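A short write-up of the structure that comes next.
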Amino acid sequence: MASEQAESLRKAIENLINAKLHDALGKPGGLGRLVAHRVTGVASYDIRNAERQLDQVLADVFSQVESREPAFAE
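Position 52 of the sequence shown, counting from 1, maps to 160 under the working numbering, and the rest follow consecutively.
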């Protein structure tokens, strides 16, 4: 189970890195867009989609971890 979570997280991070590299290096004005994204949060569709996928994987991993933790009675 933990290895599946780690693999999902690795793939999501790799996908985001690839989307940013492709946008920055593969299109004219890419470095300017990358800087603008850092400053304003505005990004291309591919980058926004990769960020959403990473957010979803993180939410899934954290929800699975939280569901395994024993509840402490006060």
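Even for Gly, the Cβ is constructed at its ideal location relative to N, Cα and C.
Since this is a predicted model, take the numbers as computed values, not measurements.
Check	Outcome
A167 (DSSP reduced to helix, strand or coil)	helix
Cβ separation of L142 and D154, assumed to be a contact under 8 Å, to the nearest whole Å	That pair is no contact at about 12 Å.
Unbroken alpha helix (DSSP H) run spanning A110, endpoints	110-134
Environment of K128 [buried if 16+ CB atoms lie within 10 Å]	buried
A181 versus S175 - alpha carbon distance	Low local confidence applies: a pLDDT of 49 at A181 is under 50, so the model's placement there is unreliable, and no value is given.
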